[in-house]
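K.L.:
Under our numbering, think of the first position of the sequence shown as 145, with each following residue one higher. We treat Cβ as the ideally placed atom computed from N, Cα and C, and that holds for glycine.
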Amino acid sequence: MMMGDSFGSMGSSMASLFFLWATIQQIFPNHLKITIKEFLLSLFQQLCFAQRVSDHFTNLFSPYVEINFPESDKYSFNQAFSAIETYLESKSTDKSKRLRGSQVKESKGLVLKRNEAKVRDVYEGVNVWWEIVVETDGNRYYKLTFHNRARSLITNSYVKHVVQEGKSIIVKNKQTRLFTNNPSSQWVFGQNMWRSIEFEHPASFETLAMDPKKKEEILSDLIAFSNGKEYYKKIGKAWKRGYLLYGPPGTGKSTMISAMANLLNYNIYDLELTAVKNNSELKKLLTATSSKSIIVIEDIDCSVEFTGNRIKKENSSRERYGKEDKDENSVTLSGLLNFIDGIWSACGQERIVVFTTNHLEKLDPALIRRGRMDMHIELSYCTYEAFKILAKNYLDLDGDEAHPLFREIKTLLEETMISPADVAENLMARNHQINVEKSLRLVINTLEEKKDNQKSQQEKKKQKKFKMFG
Ligand SMILES: Nc1ncnc2c1ncn2[C@@H]1O[C@H](COP(=O)(O)OP(=O)(O)OP(=O)(O)O)[C@@H](O)[C@H]1O
Ligand SMILES: [Mg+2]
Numbered sequence: 145m146m147m148g149d150s151f152g153s154m155g156s157s158m159a160s161l162f163f164l165w166a167t168i169q170q171i172f173p174n175h176l177k178i179t180i181k182e183f184l185l186s187l188f189q190q191l192c193f194a195q196r197v198s199d200h201f202t203n204l205f206s207p208y209v210e211i212n213f214p215e216s217d218k219y220s221f222n223q224a225f226s227a228i229e230t231y232l233e234s235k236s237t238d239k240s241k242r243l244r245g246s247q248v249k250e251s252k253g254l255v256l257k258r259n260e261a262k263v264r265d266v267y268e269g270v271n272v273w274w275e276i277v278v279e280t281d282g283n284r285y286y287k288l289t290f291h292n293r294a295r296s297l298i299t300n301s302y303v304k305h306v307v308q309e310g311k312s313i314i315v316k317n318k319q320t321r322l323f324t325n326n327p328s329s330q331w332v333f334g335q336n337m338w339r340s341i342e343f344e345h346p347a348s349f350e351t352l353a354m355d356p357k358k359k360e361e362i363l364s365d366l367i368a369f370s371n372g373k374e375y376y377k378k379i380g381k382a383w384k385r386g387y388l389l390y391g392p393p394g395t396g397k398s399t400m401i402s403a404m405a406n407l408l409n410y411n412i413y414d415l416e417l418t419a420v421k422n423n424s425e426l427k428k429l430l431t432a433t434s435s436k437s438i439i440v441i442e443d444i445d446c447s448v449e450f451t452g453n454r455i456k457k458e459n460s461s462r463e464r465y466g467k468e469d470k471d472e473n474s475v476t477l478s479g480l481l482n483f484i485d486g487i488w489s490a491c492g493q494e495r496i497v498v499f500t501t502n503h504l505e506k507l508d509p510a511l512i513r514r515g516r517m518d519m520h521i522e523l524s525y526c527t528y529e530a531f532k533i534l535a536k537n538y539l540d541l542d543g544d545e546a547h548p549l550f551r552e553i554k555t556l557l558e559e560t561m562i563s564p565a566d567v568a569e570n571l572m573a574r575n576h577q578i579n580v581e582k583s584l585r586l587v588i589n590t591l592e593e594k595k596d597n598q599k600s601q602q603e604k605k606k607q608k609k610f611k612m613f614g
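(1) Please state if the CB of Ile441 and the CB of Ala507 are separated by a distance shorter than 8 Å.
(2) Cutting at 6 Å between CB atoms, please list the residues of its own chain near Leu429, excluding the five before and the five after it.
(3) Determine contact between the stretch 401 to 419 and the stretch 541 to 555, defined as no fewer than three beta-carbon pairs at a distance below 8 Å.
(4) Grouping DSSP H, G and I as helix and E and B as strand, with all else coil, what is Phe323?
(5) Below 8 Å CB to CB, which residues in the same chain sit around Asn459 once its five sequence neighbours on both sides are set aside?
(6) Under the DSSP definition of a beta bridge, which residues are partnered with Met517?
(7) Rounded to whole angstroms, what is the Cα-Cα separation between Ala347 and His305?
(8) Got a list of residues with beta-carbon closer than 7 Å to any non-hydrogen atom of ligand 2, in chain order?
(9) Can we count Trp565 as close to ligand 1, meaning its CB is less than 7 Å from some heavy atom?
(10) Figure out for me which residue from Ile588, Asn371 and Asn317 has the closest Cα to the Cα of Pro548.
(11) Which complete alpha helix (DSSP H) runs does the stretch 298 to 348 hold, if anything under 4 residues is left out?
(12) Does at least one heavy atom of ligand 1 sit under 7 Å from the Cβ of Leu557?
(13) Could you check whether the Cβ of Pro393 sits closer than 7 Å to any heavy atom belonging to ligand 1?
(14) Can you tell me whether Thr476 is helix, strand or coil according to DSSP?
(15) If the criterion is Cβ atoms closer than 8 Å, does the pair Ile484 and Leu388 meet it?
(16) Using the rule of at least 16 other Cβ atoms within 10 Å of the residue's Cβ for burial, across every protein chain shown, is Ser474 buried or exposed?
(17) Report the rounded CA-to-CA distance for Ser328 versus Thr560, giving the unit in angstroms.
(18) Keeping to the same chain, check which residues put their C-beta closer than 6 Å to that of Ala353; ignore five residues upstream and five downstream.
(19) Compare the C-alpha of Asn579 against each of Glu603, Tyr538, Glu229 and Thr351 and name the closest.
(20) Whether or not the stretch 376 to 385 and the stretch 312 to 320 are in contact is what I'm after, with contact meaning three or more pairs of Cβ atoms, one per stretch, closer than 8 Å; do they touch?
(21) Is it buried or exposed for Leu322, if we count other Cβ within 10 angstroms and need 16 for buried?
(22) Between Asp518 and Gly386, what straight-line distance do the alpha-carbon atoms span, to the nearest angstrom?
(23) So with Cβ pairs under 8 Å, would you call Asn406 a contact of chain D?
(24) Ala294: beta carbon under 7 Å from a heavy atom of ligand 1?
(25) So Ser370 is in the beta strand (DSSP E); what residue range does that whole segment cover?
(26) Give me the Cβ distance between Ser370 and Leu408, rounded to the nearest whole Å; I'm assuming they're in contact under 8 Å.
(27) Which residue from Val307, Ala546 and Glu182 puts its Cα closest to that of Ala227?
(28) Taking the C-alpha atoms as reference points, what is the distance between His520 and Ala403?
(29) Give every residue of the same chain whose Cβ lies closer than 7 Å to the Cβ of Asn453, excluding the five residues on either side of it in the sequence, and list them in chain order.
(30) Using DSSP's beta-bridge definition, name the partner residues of Tyr286.
(31) Measure the beta-carbon distance from Met400 to Leu523 and round it to whole angstroms, keeping in mind my assumption that it falls under 8 Å.
(32) Can you find the residues in the same chain that come closer than 6 Å, C-beta to C-beta, to Ile496, ignoring five residues on each side of it along the sequence?
(33) Between Glu275, Thr395 and Tyr410, which lies nearest to Asn502 when the distance is taken from Cα to Cα?
(34) Taking the alpha carbon of Leu591 as the point to measure from, which residue in Val498, Leu571 and Ala194 has its own alpha carbon closest?
(35) Here's the rule I'm using: 16 or more other beta-carbon atoms within 10 Å means buried, otherwise exposed. How should Leu426 be labelled?
(36) When the Cα atoms are used, what is the spatial distance from Phe349 to Tyr286?
Right, dumping it as structure tokens:
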């Protein structure tokens, strides 16, 4: 539009110059001889001058306003640039003739994106034009042009809308990654602390077998957390949330962490504490994690420091390093608590901390006191409610009594402790052939076996007690 104006004025300057030359040639055929080459050179010089003057006047009187969004801003990446890029790429591709195919996530299929240097957008009935400009030194910026009339609408709300929309598309399409910490011997100048791989786990809350009410409660807690930026700011608390998942092996603790990551599109930082030498290393590792992430410490009871064996561990660490200062030689409970309590909150926001344990009773009370871990989630042995979810996942059986054998399984589940992992193992199709009857019979057999074992173990315990006190 403005470019069109410039070209128009350029064309009219050229025509008038050519007309001038022809007139001069006719009036003074013998006095002022200019060759066509000289004329073109002069024309070019005139043109450049005319263009500069025209640009100047166009800018001076143009009713249009421009805003530039450079890709980098003083050596740092301008995040608004990538948000704008994503937003523009996502604009309707129906009429676009230049498209780019890309795949950000295997599960999300091929995505067609707009691939044009200039894009027109309409916001609340107002036209705006975006153009990607590449300077001679390779620097890029997005130029936004709009009519001065819409100045306050565009600067106050449209730009904000574009950046927010772009960022949310980035989050949606983000390929989540699973990070694991490297031992400090492999760190190079504060780099290489974490190694990562693409995270492609199919776990979801939908397929997670647990009490539906409890599941709903956790889901809404997670969603409220992820939308809670303003709320956390208002109450003056770091935007973090801690979950303690506890329960016997195979009840879905790790599966739930994967489901959380998939739900929120967060990265997972799986912190292996045995590879961390001391609090200082722990601090460096944690500060190197990005926001929108889940920091996981699995089997926290196995990190001896945090259990009743703390004193024992301190002594042994002193022996190992021959030094007195325990903080220098080991990760301590207080080091970890500092992180949870948000002392290092300045180094990142929107983070979830998850601890898992098989033995809640072994943990130091300081670690699990309310307020520190916001939610304690018990993942228990398989209930009938959980079984129904597994039957739906594995056998496509949907409903309260979707199969006559369900009733028997229900009674057995009430009397037997079996993990969802053990039930799932029996429901798993052999050679991808679902055999409902056979799978359910297998579940019943396993349940009966476990029931007998558990009964005889209880008997033995009773006899032992009887002998001790009797
Ligand atoms: N609640 C559940 N819902 C659906 N599948 C489950 C559930 N619990 C376990 N499973 C199945 O069992 C497998 C093992 O479960 P998972 O690793 O999540 O258990 P865990 O509680 O982390 O065990 P551990 O304490 O040994 O680490 C999973 O891959 C999943 O297939
Ligand atoms: Mg686990």
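P.N.:
In this structure, then:
(1) The displayed chain sequence assigns Leu, not Ala, to residue 507. The answer is no: Cβ separation not under 8 Å.
(2) Asn325 and Met337
(3) no
(4) strand
(5) Confidence in Asn459 is poor, its pLDDT being 45 and thus under 50, which makes the residue's placement unreliable; the coordinate value appears in the next sentence. None.
(6) Arg514
(7) 32 Å
(8) Lys397, Ser398, Glu442 and Thr500
(9) For clarity, residue 565 is Ala in the given sequence; the question names Trp instead. Checking the Cβ of Ala565 against ligand 1 gives yes.
(10) Ile588
(11) 303 to 317
(12) no
(13) yes
(14) coil
(15) no
(16) buried
(17) 46 Å
(18) Ala530, Ile533, Leu534 and Pro564
(19) Tyr538
(20) no
(21) buried
(22) 5 Å
(23) The structure shown contains no chain D, having only a single protein chain.
(24) no
(25) Segment Pro356 to Ser370 is the alpha helix (DSSP H) holding Ser370; no beta strand (DSSP E) there.
(26) 5 Å
(27) Val307
(28) 17 Å
(29) Note on Asn453: pLDDT 46, under 50, position unreliable in the model; no value is reported.
(30) Phe213 and Ile276
(31) 7 Å
(32) Arg385 and Ile438
(33) Thr395
(34) Leu571
(35) buried
(36) 40 Å
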